[in-house]
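Data block below; observations after.
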Amino acid sequence: MNRFPTQLKKIRKEQNITQDDLASQLFVTRQAVSKWESGDSTPDLNNLIKLTDIFNVSLDNLVFGTEHDTKVDTSEFVFDPKHNRYVRRLGKMNFWDFLSGYWWAVLAIVFVIGFFSIFWTGR
């Protein structure tokens with residue numbers, strides 16, 4: 001069951017956007033938007049992401065019609081597609097977050113300092 005065409009049409013009409021307006025925002029033809037809404041074709045991934053930005057809805061809501069109760073604070077978290085989860089933005093990192101994420105760098109620095117202290121003291 002493909003819910004995307006009905007969801008696209010429903011959300012577009014709720015926000016009072018015409019097919020022409022939507023097509024001009026996506027740099028596609030009105031016929032392409034019409035085909036998406038009729039189910040004859042589907043937009044590529046780039047256009048799906050642009051649609052979520054235009055309508056200010058989640059991809060799950062646009063494609064499947066599902067709503068999630070969980071709201072993510074996008075000023076503090078960003079989606080990591082590699083691990084399929086939200087992670088804290090690096091700008092708000094504290095010391096313990098740094099250690100947990102870059103333990104290997106801290107270990108390498110301690111090793112280098114220890115190596116050079118042995119080398120220079122002659123022991």
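In terms of the working numbering, the sequence shown opens at residue 1 and continues consecutively. No residue lacks a Cβ here, since even glycine has one placed at the ideal position from N, Cα and C.
Using a Cβ-Cβ cut-off of 6 Å (strictly less than) and excluding sequence neighbours within five positions of residue i, which residues of its own chain qualify?
i	result
F119	none
D80	V87
D20	R30
L26	N47 and K50
F4	V63
Going by the DSSP bridge assignment, what does residue i pair with across the sheet?
i	result
V33	Paired residue(s): none; V33 is not in a bridge.
Let me confirm a value: residue i is counted as buried when at least 16 other C-beta atoms fall within 10 Å, else exposed. Which label applies?
i	result
V33	buried
L22	buried
L51	buried
R12	buried
F115	exposed
Should residue i and residue j be called a contact, given that it needs their Cβ atoms to be closer than 9 Å?
i	j	result
L126	E37	Because the chain spans 1 through 123 in this model, residue 126 falls outside it and cannot be assessed.
Q15	F77	no
G65	T6	yes
V72	N47	no
V106	L99	yes
Excluding five sequence neighbours on each side, which residues of the same chain lie with their C-beta closer than 7 Å to the C-beta of residue i?
i	result
N2	G39
K146	An answer regarding residue 146 cannot be provided, because it is not within the stretch 1 to 123 covered by the chain.
Using a Cβ-Cβ cut-off of 8 Å (strictly less than) and excluding sequence neighbours within five positions of residue i, which residues of its own chain qualify?
i	result
R85	F79
Jot down the residue ranges of each uninterrupted beta strand (DSSP E) in the region 29-88, minimum 3 residues, whole runs only, in chain order. 77-80 and 85-88
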